[in-house]
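Numbering (the numbering used here), first residue to last: 62 to 306. Note that the Cβ used here is the ideal one computed from N, Cα and C, for glycine as well. These numbers come from a predicted model, not from an experiment. Here's the structure, in structure tokens; my notes come after.
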Amino acid sequence: MKNIIVANWKMNPVNQKEALALFNSVQDGVKDIDSVKVVICPPFIYVSSFKFQDSSLSLGAQNVFYKESGAFTGEISPLMLKNSKVDYVIVGHSERRKYFNETNELINQKIKASLTAGLKVIFCIGENEGEEKLEVLVKQITEGLSGVEEKDLENISVAYEPVWAIGTGKNCGIKETADAVASIRKIIEKLYSKNTADNLAVLYGGSVKSENSGEYVKNGGVNGLLVGGASLSAEEFIKIVKSAE
Ligand code: PGA
Numbered sequence: 062m063k064n065i066i067v068a069n070w071k072m073n074p075v076n077q078k079e080a081l082a083l084f085n086s087v088q089d090g091v092k093d094i095d096s097v098k099v100v101i102c103p104p105f106i107y108v109s110s111f112k113f114q115d116s117s118l119s120l121g122a123q124n125v126f127y128k129e130s131g132a133f134t135g136e137i138s139p140l141m142l143k144n145s146k147v148d149y150v151i152v153g154h155s156e157r158r159k160y161f162n163e164t165n166e167l168i169n170q171k172i173k174a175s176l177t178a179g180l181k182v183i184f185c186i187g188e189n190e191g192e193e194k195l196e197v198l199v200k201q202i203t204e205g206l207s208g209v210e211e212k213d214l215e216n217i218s219v220a221y222e223p224v225w226a227i228g229t230g231k232n233c234g235i236k237e238t239a240d241a242v243a244s245i246r247k248i249i250e251k252l253y254s255k256n257t258a259d260n261l262a263v264l265y266g267g268s269v270k271s272e273n274s275g276e277y278v279k280n281g282g283v284n285g286l287l288v289g290g291a292s293l294s295a296e297e298f299i300k301i302v303k304s305a306e
């Protein structure tokens, strides 16, 4: 399995010119890297403006709704994403859970609708500071994947993102990450099978930068990284991608 490095630009940058410049610099910087899958998740408004020259680069979205079309003001459907050459979608990010009150039930609907539309899902989970980690992970995974068939797990990457590590500069320790990843695989094994658990792509996210990225891939038991703040600098992001080669 190739390592996956995902850029989550969040609500940045504020104009198309900067978005294109960032995209083009990243595309240029990773064009000779075949061993890593790079996914760029810009705000929706920029999704159709990039020109792809490189098949190792894919487009992702940061959110999606669970209906195909209709009277849902302000929403974007999985089918619309698919029709706009988007391959991946982030679902369940802690900022969506916190600011937009997204529940495990809603996240589950979004995951199922995205899979039906043929999108690959980056399913984010993780505990808040002070919460009992295993309890949170079990609940988020069990409820988030309720009714998801085993065969669909090959189109899901689970991103372990402890909420206290996101945007804080306090990245999760390598050993703690490896333990969390092992717990996630155990939970998946219980729900599905050992084979599916072993083959599941698990990513880490939370204050990843080029100084710590390589260590996660080498010793953190992960198959890739979800990068927020550091993905807004092409130079820094390219270094992170290279560290996962
Ligand atoms: P960060 O964000 O890299 O800025 O901590 C990660 C994320 O929210 O996915």
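Between the C-alpha atoms of residue 240 and residue 131 there is a straight-line separation of about 43 Å.
Under DSSP, residue 194 shares a beta bridge with no residue. Exclusion of the five residues before and after residue 72 leaves 104 as the residues of its chain whose Cβ lies within less than 7 Å of its Cβ. Distance from the CA of residue 267 to the CA of residue 284, rounded to the nearest whole angstrom, comes to 15 Å.
Ligand 1 has no heavy atom closer than 8 Å to the beta-carbon of residue 83.
In summary, residue 122 is buried, with 16 or more beta-carbon neighbours lying within 10 Å of its beta-carbon over all protein chains present.
A residue is called buried when at least 16 other Cβ atoms come within 10 angstroms of its Cβ; residue 243 does not meet this threshold and is exposed.
For residue 190, the distance from the CB to the nearest heavy atom of ligand 1 is not below 8 Å.
Excluding sequence positions up to five before and after residue 178, its CB lies within less than 6 Å of the CB of 139, 140, 143, all in the same chain and listed in chain order. The C-alpha of residue 172 is placed about 28 Å away from the C-alpha of residue 75. The beta carbon of residue 229 sits closer than 8 Å to at least one heavy atom of ligand 1. Distance from the Cα of residue 150 is smallest, within the candidate group 126, 199, 78, for 126.
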